[in-house]
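S.K.:
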Amino acid sequence: MNFDTFLSKYTENEELRVFDDEDLESNDLLTERINTLEDLFSRLGGKTFNNGLVRVCTKKGAYKLTRCFEKMYSNGKDNILVFAFDWLGRHFAIDYTGKNSTEDQTFLLEPGSGEHLLIPAGVEGFFNYILINLAQDALAAESFNEWFNISKTVIGFDECVGYKVPLFLGGDDDFHNFEITNTEVYIEICIQLLHRTKKLKPGQTINSIRFEDN
């Protein structure tokens, strides 16, 4: 895979790069798929670009985040692989449903709304075309620039700007409902809230929230 076009337009925050502390030891289908993307993870893995606008997972990060999102979007089935994420905690994943190639399509997974959107590009096309020509659609780049100019904050690799109140609970999609939070914690909270509110009737009141350890 070649990512030169992407790298010519995006600037790495070298001080924020992270590395896996050990090799991925699992021996399953997800690990096999991660290993097929060696070019991606060896060149871009663990890197932050444009002050946190977009980041690329390490191999272990990809494994862990994929398992998290399987609970939300695919009922535990092995049909996605998370490989990158943006400033809003939205993650990008390869869709393997009925396919065996990484050059098919990508999903944008949104934990704050519980929705997922199709991006018609594989991994290489995602970086070299989508993030170059459609950065506003894929990353909400204009909103990020506005937020960054106000906050002057570089988001850490393991952080995102998440919703204080998720959209599926009636939260507003504006800066007043944003806060910097740990990405994995944000995902887990959204997953639990989403699962526990699916059967609520419109207008039904939530009296209390209790989170459970996995």
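If you number the sequence shown the way this note's numbering does, the last residue is 434 and the count never jumps. Glycine included, C-beta positions come from ideal geometry on N, C-alpha and C. Note that the structure is predicted; figures quoted are calculated from it, not measured.
With 16 as the cutoff for other CB atoms within 10 Å, does Pro-331 come out buried or exposed?
M.R.: Within the sequence shown, numbered from 1, the residue matching residue 331 stands at position 111. So Pro-331 counts as buried.
S.K.: Leu-244 by DSSP, collapsed to three states: which one?
M.R.: Sequence index remark: in the sequence shown, residue 244 carries index 24 (1-based). Three-state DSSP puts Leu-244 in coil, outside helix and strand.
S.K.: Which residue wins for smallest C-alpha separation from Leu-249, given the options Asp-240, Leu-301, Asn-271?
M.R.: To locate residue 249, count along the sequence shown from 1; it is residue 29. With distances taken between Cα atoms, Leu-249 lies closest to Leu-301.
S.K.: For Thr-286, which three-state DSSP category applies?
M.R.: For the purposes of this step, residue 286 is taken as the residue at position 66 of the sequence shown. In this structure, Thr-286 counts as helix in the three-state DSSP scheme.
S.K.: Which stretch, first to last residue, makes up the beta strand (DSSP E) that contains Asn-369?
M.R.: Taking the sequence shown and counting its residues from 1, one reaches residue 369 at position 149. No beta strand (DSSP E) holds Asn-369; the alpha helix (DSSP H) holding it covers 361-371.
S.K.: Using alpha carbons as the reference points, say which of Leu-328, Lys-267, Ala-282, Leu-236 lies closest to Glu-252.
M.R.: The count along the sequence shown starts at 1 and reaches residue 252 at position 32. Taking only the C-alpha atoms, the option nearest Glu-252 is Ala-282.
S.K.: What do you reckon, are the CB atoms on Gly-382 and Thr-401 nearer than 8 Å?
M.R.: Indexing the sequence shown from 1 puts residue 382 at position 162. Indexing the sequence shown from 1 puts residue 401 at position 181. Contact flag set, yes.
S.K.: So, using beta-carbon positions, are Asp-240 and Lys-279 closer together than 8 Å?
M.R.: Locating residue 240 in the sequence shown gives position 20, counting from the first residue. Locating residue 279 in the sequence shown gives position 59, counting from the first residue. Yes, the Cβ-Cβ distance between Asp-240 and Lys-279 is below 8 Å.
S.K.: Rounded to whole angstroms, what's the CA-CA distance from Cys-288 to Arg-237? Just pull it up for me.
M.R.: Mapped onto the sequence shown, residue 288 falls at position 68. Mapped onto the sequence shown, residue 237 falls at position 17. Spanning the two alpha carbons is a distance of roughly 22 Å.
S.K.: Under DSSP, the alpha helix (DSSP H) around Leu-264 begins and ends at which residues?
M.R.: The residue labelled residue 264 in the question sits at position 44 within the sequence shown. Counting along the chain, the alpha helix (DSSP H) containing Leu-264 begins and ends at 258-264.
S.K.: Could you compute how far the alpha carbon of His-415 sits from the alpha carbon of Met-292?
M.R.: Along the sequence shown, one-based indexing puts residue 415 at 195. Along the sequence shown, one-based indexing puts residue 292 at 72. Going by the C-alpha atoms only, they are around 8 Å apart.
S.K.: Could you give the first and the last residue of the continuous beta strand (DSSP E) run that contains Phe-312?
M.R.: Within the sequence shown, the letter at position 92 stands for residue 312. Where Phe-312 is concerned, the enclosing beta strand (DSSP E) stretches over 311-315.
S.K.: Pull the bridge partners of His-396 from the DSSP assignment, please.
M.R.: For this step, residue 396 is matched to residue 176 along the sequence shown. According to DSSP, His-396 bridges with nothing at all.
S.K.: List the endpoints of the continuous beta strand (DSSP E) containing Arg-237.
M.R.: Counted from its first residue, the sequence shown places residue 237 at position 17. Element bounds for Arg-237: n/a, residue is neither H nor E.
S.K.: So the candidates are Glu-404, Thr-268, Asn-353; which of them puts its Cα closest to the Cα of Leu-285?
M.R.: Taking the sequence shown and counting its residues from 1, the one referred to as residue 285 is at position 65. Among Glu-404, Thr-268, Asn-353, the Cα nearest to that of Leu-285 is on Glu-404.
S.K.: Tell me, please, whether the segment 361-373 touches the segment 334-344 by the rule of three or more beta-carbon pairs shorter than 8 Å.
M.R.: Verdict: no, contact absent.
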